[in-house]
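Residue numbering for the sequence shown follows the working numbering, beginning at 542 and increasing consecutively. Glycine is no exception: its CB is placed at the ideal position from the N, C-alpha and C atoms. These notes are about the structure you will find just below.
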Amino acid sequence: MAQHEDESDRSGEPAKMAPRLLAGSCQCGAVTYAVADEFSYALNCHCSLCRRATGSAFKPFAGILRSKLRVMSGEDQLKILGTPDLHDARCGLCGSLLYAVVRDGDYVHVTLGTLTDTPTIRPSAHIFVGSKADWFTITDDLPQYNGHVVRA
Ligand SMILES: [Zn+2]
Ligand SMILES: [Zn+2]
542 MAQHEDESDR SGEPAKMAPR LLAGSCQCGA VTYAVADEFS YALNCHCSLC RRATGSAFKP
602 FAGILRSKLR VMSGEDQLKI LGTPDLHDAR CGLCGSLLYA VVRDGDYVHV TLGTLTDTPT
662 IRPSAHIFVG SKADWFTITD DLPQYNGHVV RA
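Shown next, in the form of structure tokens:
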């Protein structure tokens, strides 16, 4: 399972006043979640694991402290693929990939496609472009990285 290392590590962040909450859902609606609109980073991952996990050209996702995401309904339907601190969480009924727990369990990577609401953040780069599907052409001007994002 891919584990992405990205951007700032901000554990120990002070609690903020009532952040805006974004709703998310699987395809069938059995599992819903709420996540703070406080993502630390957002990226489009073209690695083969993300392509297969989503059945798509790439996986747009956004990272946030795990404590800022809460499953609101259908928690008993969640299918956890992996270990407690490194796994993909899918709806056990429809199979939607909702989020991945990464970085020793401290962060979740929320699949932007399962958000019902629009987050403030936008993907800032394409990563793992080295394993991009040949049939897909990136047509935007975002920076591209062959592997993990490299910070300047
Ligand atoms: Zn579902
Ligand atoms: Zn990936």
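TODO: Tell me, please, which residues DSSP counts as bridged to A577.
DONE: The secondary-structure analysis by DSSP pairs A577 across a beta bridge with L562.
TODO: Could you check how far apart the C-beta atoms of V651 and L610 are, in whole angstroms? I think they sit under 8 Å.
DONE: The Cβ separation is near 7 Å, so the contact holds.
Open item on the list: Along the chain, where does the beta strand (DSSP E) containing L590 start, and where does it finish?
Closed with: L590 -> not in any beta strand (DSSP E); alpha helix (DSSP H) instead, spanning 589–595.
TODO: Measure the C-alpha to C-alpha separation of I621 and V576 and round it to an integer number of angstroms.
DONE: C-alpha of I621 to C-alpha of V576: approximately 18 Å in a straight line.
Task: Inter-residue Cα distance where the pair is P625 and V690 - done: One alpha carbon belongs to P625, the other to V690, and they sit about 25 Å apart.
TODO: Leaving aside the five residues before and after S614 along the sequence, list all residues of the same chain whose C-beta is less than 8 Å from its C-beta, in chain order.
DONE: The beta carbon of S614 is closer than 8 Å to those of A571, V572, T573 in its chain, skipping five residues each way along the sequence.
Open item on the list: Can you check which of these residues, G636, S597, C588, is closest to F669 by C-alpha distance?
Closed with: The shortest C-alpha separation from F669 is found at C588.
Task: Buried or exposed by the 16-neighbour rule on C-beta atoms within 10 Å, applied to C635 - done: A residue is called buried once 16 or more other Cβ atoms fall within 10 Å of its Cβ, and C635, having fewer, is exposed.
- [ ] Taking only the alpha-carbon atoms, compute the straight-line gap between T595 and L562 and give it to the nearest angstrom.
- [x] If you take the alpha carbons of T595 and L562, they lie about 24 Å apart.
Open item on the list: Can you give me the C-alpha to C-alpha distance between S581 and A666, rounded to a whole angstrom?
Closed with: The straight-line gap from Cα to Cα measures roughly 13 Å.
Open item on the list: Can you find the residues in the same chain that come closer than 7 Å, C-beta to C-beta, to A564, ignoring five residues on each side of it along the sequence?
Closed with: T573, A575, T657, D658, listed in sequence order.
- [ ] Please name the residue, chosen from N585, V612, R607, that lies closest to P601 on a Cα-to-Cα basis.
- [x] Measuring from the Cα of P601, the nearest candidate turns out to be N585.
TODO: Between the Cα of T680 and those of R593, C569, A559, A598, spot the shortest distance and give me the residue it belongs to.
DONE: Nearest C-alpha to T680 among R593, C569, A559, A598: A598.
TODO: Name, in chain order, the residues that DSSP records as bridge partners for P601.
DONE: Residue pairing of P601 in beta bridges, as defined by DSSP: N585.
Open item on the list: Using the Cβ count rule (16 or more neighbours within 10 Å means buried), how would you classify R644?
Closed with: By the neighbour-count rule (16 or more Cβ atoms within 10 Å), R644 is buried.
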